[in-house]
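Colleague: Residues 27 to 456 in the working numbering are what the sequence shown lists, from first letter to last.
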Amino acid sequence: MILYRAQVLDTPDDPFRGGALRHDADAGLLVAHGQIVERGPFTQVRSRHPGAEVVVLGDGMLLPGLVDTHVHFPQVRIIGALGMPLLEWLERCALPEESRLAGVTYARAVAAEFVTSLLAAGTTTALVFGSHFAAAVDELFAAAAGPGLRITSGLVVADRMLRPELHTTAQRGYDEGRALADRWHGRGRSRYAVTPRFALSSTDELLAACGQLHRDVPGSWFTSHLNENPIEISTVQQLFGDGSYLDCYDRHGLVGRSSVFAHNVHPTDAELKRLAQAGSSVAHCPTSNAALGSGLFPLNRHLAFGVPVALGCDVGAGTGFSLLKEALQAYLLQRLRDEQSVLLGPAHLLHLATVAGAEALGLRDEVGDLSVGRRFDAVWVRPVPGTPLDIGLRHADGPEDALAKVFTLATPHEVARVWIDGVPVEGSAG
Ligand code: GUN
Ligand code: ZN
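See below:
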């Protein structure tokens, strides 16, 4: 048993429904077998467990492990290609790099870089867009299994409009996906996600095979892109004819509680209504939406319809792995919307980066906050002495203000240590 002593901030009560930030200036978290078994004022927990080993996390704050609901494993090396809209960026940057993952040695190196980058940013749970190549997806699951990352991922499938080496067939996509799910789904913390790239690169036959695979692998997740860019949307409409973008997935049983759709920057009211009714979630990817000029995410309409929203860094269109930065960008974007804006406070940002992601991934009983009964997935944010974050935290006007400073100023350099399931991630012990 280890007793952690820290300033702890989390959001067990949804701030979008009036819940307040939970803050304990001097908390004791008792962790046994990876689970938080007791929480309270440090001195009280200490007196009940005088024999427990104490780990003091003196400066900064302890937060729940961050949960990323949309990030592309093959795109680590192409972050930062600015100035293009979605389809041009795919053509010129993303797809050529994705083709390189046909080489297993290349894929293995990228998988290692990807997992290291996620953990360095404090992300402990992620829904990951895999590769079009099954062997590369194996490399990803293997790389994630080392540190025990809570990963949900799968084979990305497409059968038109990309480039020949990235195309598959409905049957091959099903068979390869099934084999990957047999190897990885439910093994350790890995789970399988059925992942057509987007409707634009999928025929009905391929999406039907995705629906079949999703049904055949109980507990599997589903993820894809939705309503990201106006030209993408009109192309999907030309390809599929009647119906909305969401209908392309819905027709094949792919819109449900276990579905996470990335972006949804330009939804219709009918689509939002359907997403809410199905209990599907949306991964809001604000730095990507800005970098590709995709548009201004209508958070107000998602909230009004009751569509669950979480965060995704969307590397490599997104500008990095940090969900702290992603949350800040979500805030900044809302400031730039006029009457449609939603004013996000630090508690909202923390909720979006933790609990909301855990809910979208069906992992709320396990992670998302640092309550008794949860697994101990945590991030220690500790300011580097003399930096603006250090100065800001020393002069913070209460916990909300301190948290706002963390979202504004903290980078992966300030992620001093990360735990998954009670185990410190190697290399993170700063
Ligand atoms: N739509 C289809 N593929 C992609 C991708 O790789 N990134 C983003 N942002 N959108 C996509
Ligand atoms: Zn994406």
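Think of the CB as a built atom: it goes at the ideal place given N, C-alpha and C, for glycine as much as any other residue.
Predicted model, so just to flag it, every value in this text is computed and none were measured.
#1: May I have the straight-line CA-CA distance separating Pro411 from Val393, to the nearest angstrom?
#2: Say the cut is 7 Å; is the CB of Ala288 nearer than that to a heavy atom of ligand 2?
#3: Is any non-hydrogen atom of ligand 2 found closer than 7 Å to the C-beta of Asp340, if you look at the structure I gave you?
#4: Please report the distance separating the alpha-carbon of Leu457 from that of Gly77.
#5: Hey, how far is the Cα of Pro293 from the Cα of Pro334?
#6: May I have the straight-line CA-CA distance separating Glu426 from Ala373, to the nearest angstrom?
#7: From what residue to what residue does the alpha helix (DSSP H) around Gly383 run?
#8: Between which two residues does the alpha helix (DSSP H) containing Thr131 stretch?
#9: Any heavy atom of ligand 1 closer than 7 Å to the CB of Leu88?
#10: Please report the straight-line C-alpha distance between Ala235 and Leu280, rounded to a whole angstrom.
#11: If we call anything under 8 Å between Cβ atoms a contact, is Tyr271 one with Ala336?
#12: Under 7 Å from any heavy atom of ligand 2, does the C-beta of His251 make it?
#13: Determine which residues share a DSSP beta bridge with Gly91 and list them.
#14: Does DSSP put Glu79 in a helix, a strand or coil?
#15: In three-state terms, what does DSSP make of Leu389?
#16: Taking Pro425 as part of the alpha helix (DSSP H), name the residues at either end of that continuous run.
#17: Have a look at His193, His310, Phe155 and Ala58 and flag the residue whose alpha-carbon is nearest the alpha-carbon of Asn326.
#18: So, are the CB atoms of Phe155 and Thr221 less than 8 Å apart?
#19: Assuming Gln413 contacts Gln355 under a Cβ cut-off of 8 Å, what Cβ separation, rounded to an integer in Å, is found between them?
#20: If you pair each beta-carbon of the stretch 94-108 with each one of the stretch 129-149, do three or more pairs fall below 8 Å?
#21: Between the beta-carbon of Ala377 and the beta-carbon of Thr37, is there less than 8 Å?
Modeller: Let's see:
#1: 30 Å
#2: yes
#3: yes
#4: Within the shown structure, residues of the chain are numbered from 27 to 456, placing residue 457 beyond reach of any answer.
#5: 14 Å
#6: 7 Å
#7: Val381 to Ala386
#8: Val130 to Ala146
#9: no
#10: 11 Å
#11: no
#12: yes
#13: None; Gly91 has no bridge partner.
#14: strand
#15: coil
#16: Pro425 to Leu435
#17: His310
#18: yes
#19: Contrary to the premise, residue 413 reads as Thr rather than Gln in this sequence. Actually they do not touch by this definition, with Cβ atoms about 20 Å apart.
#20: yes
#21: Checking the displayed sequence, the identity of residue 377 turns out to be His instead of Ala. The answer is yes: Cβ separation under 8 Å.
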